[in-house]
Structures are given as C-alpha cells and as structure tokens.
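In what follows, a structure is listed as structure tokens, so that the remarks can point back to it.
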Amino acid sequence: MAVYQDIAKSYRSILTPGWEQALLRDEGHALPGTIGRRRPAWGAGGRGEEEDDEHEPLIEGANKVSPAAGLEGLYDSYENGDETDGYGGYGGDAHGIGGGEGKSTFGQSVFNSSNVLMGIGLLSLPFALKLSGWVLGIGQLLLYSASTNYTARILARCLDYDPKMATYADVGEAAFGIRGRIFISVLFILELLTACISLVILVADSLVALFPWMVLEWVKVCTFMMVFPLTLGKGLGWLAGGSVVGVLAILNLMVIIVVDGFWKGDAPGSLWEPAETTMWPRKWMDVPLTFGLIMAGFSGHSVFPSIYRDMAEPEGYPAMVSVSYAITSFFYVGIAARLGYLMFGQGTVQEITVNIASILTYPTIINKITIWLMIVNPITKYPLNAAAINLNFEVLILPRLAEEGWPMWTISFAQFLIRLTVSLVVLFVSIVYPGFHNVLAILGSFFSFTVCVVFPLSCYLVLYRETIQPLERIFVWTLIVIGSVLGLVGTVWAFLPGIGQD
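Going by the numbering used here, the sequence shown opens with residue 1, and the numbers climb by one from there.
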C-alpha cells in the first residue's frame, strides 16, 4: 500500500498548483506528475520550513473541469490507503498498514513485516542453492539478511530526521530534493512492471506443471485474458482477499515441502534419502545469477516506513525488525532453501512448485491444492501491481483530454486502451523472456539492491553527514560499494543467455 500511496500522492499534483515551478526551482527535468504539492525546504545542513507552492496549474483550470474531477476518485482510493499492497517488493502482503496513525502492536508489526518479506521469491531459493552450492548459497542468505536488517533500521533513522516524513519517497526528497522523489517513484513503477511479468510467468509455469500437455505460450495468453479484466475496475478493494490467499499459499507451501519430504522414501523428492548436492558451485559462471535470486527474498523496504509510522510504540522498531528477519531467515534457510535443495539436489528447477508437481507419488490432493494456491495468488496480485503502472500513464493523458473537452466516453476508452497496452506489454515480455528465475534475478539484483541497500544508505549519508562517525561512514560506504557491484553484476548476468541452464 505504501508504494501506491507514494505514487498517488505524487500523481495527484498534476491536477494541482505548483509542480511546474517546483521543478524549475530544482533545475531538473522530470516526468510530469511526480512532484508533490509541498516541497520541504531542507538546506545543506538540515531541516528547514516547508514552503507552500501557489502557482498556476499545469492544466489551466483543470480543477474546474468536470471530467477531470471525475478522475480524482481513482487517485483518492490509492492516496487514502484503500488498497492492500499486493506485492510488497515480490514478498508477501502488508495487512492493515495505515497512514501513520500509530495503532499497530509489536506483534502486528512483526506479522506485517514478515508477510511483506516472504513471498514468491522463496520459490527459487532451492534453485539458487543448486547454482551456488551450500557454502555460497547459505552465505549469501545470511549476508543479505544481516545487511537488509541493518538498512531497515537506517531507513527508520532517516524518517526520524523529520517527523513529518512518512514514506520512502519523502526520504528520497529530503536527501536529494525533488530528483530523489522522482527517482524512487520511477523505480517503484519499473519494479512493479517487472513484478507483473514474473506473476504471469509463475501462473503459466504452475498451470503447465499441473497440465503438461498445455503449450506454455498459449497458457500465458490465457493468463492475460484472466488477469486483464481484473484491472478495469475503478476500485480494487474487493481484491484485498488476495492478501489472505497469499498468506495461505506461502504457509501451505512450507508445510507441504516438509510433508512431501518425509512422505517419499527414496530420491528424488525425499528427506529420508536426500538427493545429490554440492558444497561449491558446479559452474562458477552461474553464481552471479544467484545474487538477485536470493536478494529478492529480502525486499520489504518500500513498506517498512509505513510499518514504522504505524507502530504504537515505535521505539520497539529495531527489535521488531530483528524478530521479523529471524522468522523470515528461519523459513528461508531452514525450510524453503535447505529442505527444497536436499529433496531435489541437481534436479531442482527454477520453481520448487514445479518439482513438487512432478513427483506423482506425493499426496495428490494436497499437492494440487498447493499448486492451485500458487496460481490463484499471482492472479489476485496482478491487478494490484498493474494499478500503479496504469496510474502513471493515466495521470499524464486523461486530464489533458478532459481539459480539451473530450467526451467522457472517449476518456474512458482512452483509459481502457492504456490499461490494455500495459498488460499487453507484460504479456509480450513474458513470452520473449520466459525464465521465471531470470525475471526474479532482475527484481533482486537491480531493484532490491538499489531500494534495500544503496539508496537508503545514500540518503543516510546525506541527511546525517554532520554526525556520522568516521568508522561508520567507512562501513556504510563499503556496503554501498558491495551492494552496487553485486546489483550491477547480477543484473547483467540475468540477461546473459544460457546462464543457469544445465
């Protein structure tokens, strides 16, 4: 939800005064609609007073045009937090994360944080261990868990710089001006687009695992036909039930891995007779691909600011983060990665659910329920993710049509075409770039390292440059360099042909 609120608050400004002058004042170029109504006047040394921008709107008289006013309800639904975050950085879902009213207990915050972290990223953890071996695989899991735990705390310190800040985009603007807000908003949009692609691929792969006679490309077309109509509604609150499906799907998968492992007596797919595994990588060229595959499981930083602001006792935030990461790491290391890799070894494929579906001697009914939950879960998440992408284009086009006096039906048709085009792009990329592990590696390498390591630490260095001790500064810069290198190399490797294939 926090991602949608960041984007919606920024985009609503296209119908309100001041964004154009704020952009000129910052001497930069940006996508229209990414500038907030109020710009904090932080100087080089710290906080300042807020400045109200009172200038002419970009679209003259836009607020007086009836069709444009009719569009505001769409943006209101996101800005007011009516939606549930269906993605949470390719993790799970955030339930009840409010707009900073400070009502969540410690336990609720732990649940929200753990739920945000654990999601579709865990499906490829056994595959990542197959590529990297036990030493590098478990080592990366522990390293990324510790580093993102630290940066989650750093993000809270950045929010403490000014109590008025409540979102990730606010931190970006405080540190780097309007360019920081633009950067993180655009990054979230690209992240969500990539997430939509991974969801379509996951649905198609799961269906083919259940029905091997299906043609993968046509299954993706059918998936598009299922998910696209869900993006056409004016509100998406009715899809909040998908959050419950997401929780059930992940917990059920964890249980099934254990049950199936002890159900079967011989390899493959058995914990009684583990499959062949390796301590070190069989092919070292595959290792950089695992940077993103493993990092994708620790990406919850886009939602952490909302969780922090909504805690009834925010002083407990560091302990809450530690407990959440302990729970997540236990499931990742103890169950998803370790048991999944032990069960299938060198036969582990990019999604552990495909391995599970291939063993016919497993309990048939409960395994099919598991696969179907992993199919329904992405279907409910897709429209939530696509909504923010659609908003990006709708806010640039629809108000202009309204200002020019186009009939409301043509504006509605234009909105339909925008949403159709976005989903068609997702379908096209999912067909020409079909590897779930490759798309997930991009999400983890480029987006997770940027959002969860590089950017929050960079903001911290800027906001607290006067008080950071030399040793801490060296440590922070070391993490930034390591995160940047791993993110860059992992992103490049995700596009290389033949990587991760036997």
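Glycine included, every Cβ here is placed at the ideal spot set by N, Cα and C.
Please read these numbers as outputs of a predicted model, since none were measured by experiment.
Item: Per DSSP, the bridge partner or partners of residue 311; Value: 104
Item: Distance, residue 430 Cα to residue 490 Cα; Value: 20 Å
Item: Rounded C-alpha distance that separates residue 184 from residue 226; Value: 30 Å
Item: Backbone CA spacing between residue 217 and residue 325 [nearest angstrom]; Value: 37 Å
Item: Run of the alpha helix (DSSP H) containing residue 403, from where it starts to where it stops; Value: 364-403
Item: Pick from 485, 327, 350, 155 that is closest to residue 303, judged by C-alpha positions; Value: 155
Item: Environment of residue 191 [buried if 16+ CB atoms lie within 10 Å]; Value: buried
Item: N-terminal and C-terminal residue of the alpha helix (DSSP H) that residue 292 is part of; Value: 287-295
Item: 7 Å CB neighbourhood of residue 203 in its chain, flanking five on each side removed; Value: 223, 375, 378, 379
Item: Helix, strand or coil at residue 455 [DSSP, three-state]; Value: helix
Item: Buried or exposed (CB count within 10 angstroms, at least 16 for buried), residue 290; Value: buried
Item: Candidates 114, 104, 139: closest to residue 337 by CA position; Value: 139
Item: Span of the alpha helix (DSSP H), counted from its first residue to its last, around residue 226; Value: 216-227
Item: Straight-line gap, residue 500 to residue 130 (C-alpha atoms, nearest Å); Value: 9 Å
Item: Residue burial classification, residue 498 (beta-carbon count within 10 angstroms, cutoff 16); Value: exposed
Item: Residue closest to residue 322, alpha-carbon to alpha-carbon, out of 153, 474, 288; Value: 153
Item: Contact check, residue 269 vs residue 343, beta carbons under 8 Å; Value: yes
Item: Short Cβ contact (8 Å threshold) for residue 386 with residue 196; Value: yes
Item: Expected contact under 8 Å - CB spacing of residue 419 and residue 231 to nearest Å; Value: 5 Å
Item: Ranges of the alpha helix (DSSP H) found wholly within the stretch 116-173, counting only runs of at least 4; Value: 125-160
Item: Distance, residue 157 Cα to residue 116 Cα; Value: 20 Å
Item: C-beta atoms of residue 309 and residue 166 nearer than 8 Å; Value: yes
Item: Enclosing alpha helix (DSSP H) for residue 408 [first to last residue]; Value: 408-432
Item: Contact under 8 Å by Cβ, residue 451 with residue 198; Value: no
Item: Cβ shell of residue 271 (< 7 Å), same chain only, five flanking positions each side left out; Value: 261, 262, 339, 342, 343
Item: Chain-order list of residues whose beta-carbon lies under 8 Å from that of residue 301 (same chain, five-residue window excluded); Value: 89, 148, 151, 152, 155, 168, 451, 452, 456
Item: Cβ separation of residue 493 and residue 281, assumed to be a contact under 8 Å, to the nearest whole Å; Value: 13 Å between Cβ atoms; not a contact.
Item: Contacts around residue 468, its chain only, beta-carbon distance under 8 Å, and the 5 residues preceding and following it disregarded; Value: 460, 461, 476
Item: Status (buried if at least 16 other CB within 10 Å, exposed otherwise) for residue 353; Value: buried
Item: Distance between residue 437 and residue 488 (C-alpha atoms, nearest Å); Value: 17 Å
Item: Proximity to residue 382 [Cα-Cα], best of 371, 345, 369, 426; Value: 426
Item: Straight-line Cα distance separating residue 312 from residue 181; Value: 27 Å
Item: Alpha carbon of residue 412 to alpha carbon of residue 189, nearest angstrom; Value: 22 Å
Item: Candidates 193, 316, 200, 214, of which the one nearest residue 105 by Cα; Value: 316
Item: Segments assigned beta strand (DSSP E), at least 3 residues, entirely inside the stretch 454-492; Value: none
Item: Contact belief for residue 443 with residue 194 at Cβ below 8 Å, rounded distance in angstroms; Value: 5 Å
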